[in-house]
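S.K.: Note that my numbering gives residue 286 to position 207 of the sequence shown, counting from 1, and the numbers run on in steps of one.
All C-beta atoms, glycine included, are put in the ideal place defined by N, C-alpha and C.
Note that the structure is predicted; figures quoted are calculated from it, not measured.
Attaching a single structure in structure tokens format; questions to follow.
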Amino acid sequence: MTPAEKLIPLDADNVAVRAGRQTVQLTNLRKPFWTKPTVTKGDLLRYYASVSTWLLPHIRGRAMVMKRYPNGASGPFFFMKNVPDPHPAWLTLCPIEHSEGKIVKFPVVDDLASLLWTVNLGCIDLNQWYAPCDDEHRPEYLHFDLDPVTGASFARVQECALLLRDELESQGMPSFAKTTGSRGIHVYIPIKRGPLQEEVWQYSKAFAMHVADKHPKLITAIYAKSKRPRGHVFVDYNQNAWGRTLASVYSVRPKKRPTVSAPVTWKELERGVRIEDFHIENMVARLRKVGDLWKPLLARSGRVDLKKHMQRAMRV
């Protein structure tokens, strides 16, 4: 029996589990969230408990947007921004002001208890803000979502990712890749906090347009979906806009099979990987073997000073 199975039993529908110093009520554990093969809500919770050591440092201290799938991956979903009532008194909240002074209270997933509480709501994937709650307007990452346009294979997405890596390296910007668990690849650049979200977005847009101009047969930065050329890869810079989120590292995705958004090395991308290579059944074993490939994104050192790149771009 694994530690996750000891924590969350296989033979119960509802259970109160002790996670650290907190008790969390888990419900409908034997409810199928996927059917081919059958993966239950309990299986999903056990997965997140198993990867929590690697996952939590990447989402701690940030507002979490709750995308809820109460009937599993194939059912309808809805976004819930405000923490529902009632909620545990120990749950940390992150209030963020939106339009017209409206305050939205997001949950913060700081520990195993808050992680299990969030997933128990039917949140299959985790979508945290890029900036911590102490200043939600100043992100710690610049990133690109590489999305295949109709007619583009995943191999072309990988080709696009490698071109982005080379272009970023030429500008002294280290980058890290992960599969989205859906159709594409996420490329992240850790940056020093300072630039506002709007400034990060403006830089990402200019960079995406630059690489699209440089590789017009492969890459597009056209935001209007209907106007993107067939067979190209869309470098989505708009996910850097304020309030946008992407599925976090190690998130399970609500697809036909419970695939996972998995960090990969550039050598793995060069050799060729598949979205289907990383899923709920094998991610724990992979983490035990290779560790957290995105650990450098947590470091304070080695982060890109985006302000310098922005100033340089203005002089060109």
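1) Quick check on DSSP: helix, strand or coil for Met362?
2) Comparing C-alpha positions only, which one of Ile270, Gly263, Tyr302 sits nearest to Ser254?
3) Please name the residue in Thr81, Ile264, Pro211 whose C-alpha comes closest to that of Arg353.
4) For a quick check, are the C-beta atoms of Val328 and Ala320 less than 9 Å apart?
5) Classify Pro375 as helix, strand or coil using the three-state DSSP reduction.
6) What residue range is occupied by the uninterrupted beta strand (DSSP E) comprising Arg262?
7) Considering Cα atoms alone, identify which of Gly154, Thr132, Pro163 is closest to Val144.
8) How close, in whole Å, do the beta carbons of Tyr282 and Leu385 come, if the pair is a contact with beta carbons under 8 Å?
9) With C-beta atoms as the reference, is Val188 less than 9 Å away from Pro174?
10) Work out the CA separation of Thr259 and Pro308 for me, nearest whole Å.
11) Report the residue ranges of all alpha helix (DSSP H) runs contained in full by the region 95-161; include only those spanning at least 4 residues, in chain order.
12) In whole angstroms, give me the CA-to-CA distance for Val228 and Arg141.
13) Who are the Cβ neighbours of Asn107 in its own chain at under 8 Å, not counting the five residues just before and after it?
14) Does the beta-carbon of Asn361 have 16 or more other beta-carbons within 10 angstroms, so that it is buried, or is it exposed?
15) Kindly list the residues whose CB is nearer than 7 Å to the CB of Pro149, restricted to its own chain and excluding five residues on each side of it in sequence; keep chain order.
16) Pull the bridge partners of Ala256 from the DSSP assignment, please.
17) Excluding the five sequence neighbours on either side, which residues of its own chain have a C-beta within less than 8 Å of the C-beta of Trp280, listed in chain order?
18) Can you name the residues that DSSP bridges to Ile462?
19) Look up Gln207 in the DSSP assignment and give the residues it is bridged to.
M.R.: Judging by the given coordinates:
1) helix
2) Ile270
3) Ile264
4) no
5) helix
6) No beta strand (DSSP E) contains Arg262, which DSSP labels as neither H nor E.
7) Pro163
8) 6 Å
9) no
10) 22 Å
11) 120-138
12) 31 Å
13) Asp92, Asn93, Lys120
14) exposed
15) Gly201
16) Val266, Val343
17) Tyr316, Asn317, Asn319, Ala320, Trp321
18) In this structure the chain extends from 80 to 395, so residue 462 is not present and cannot be described.
19) Met143
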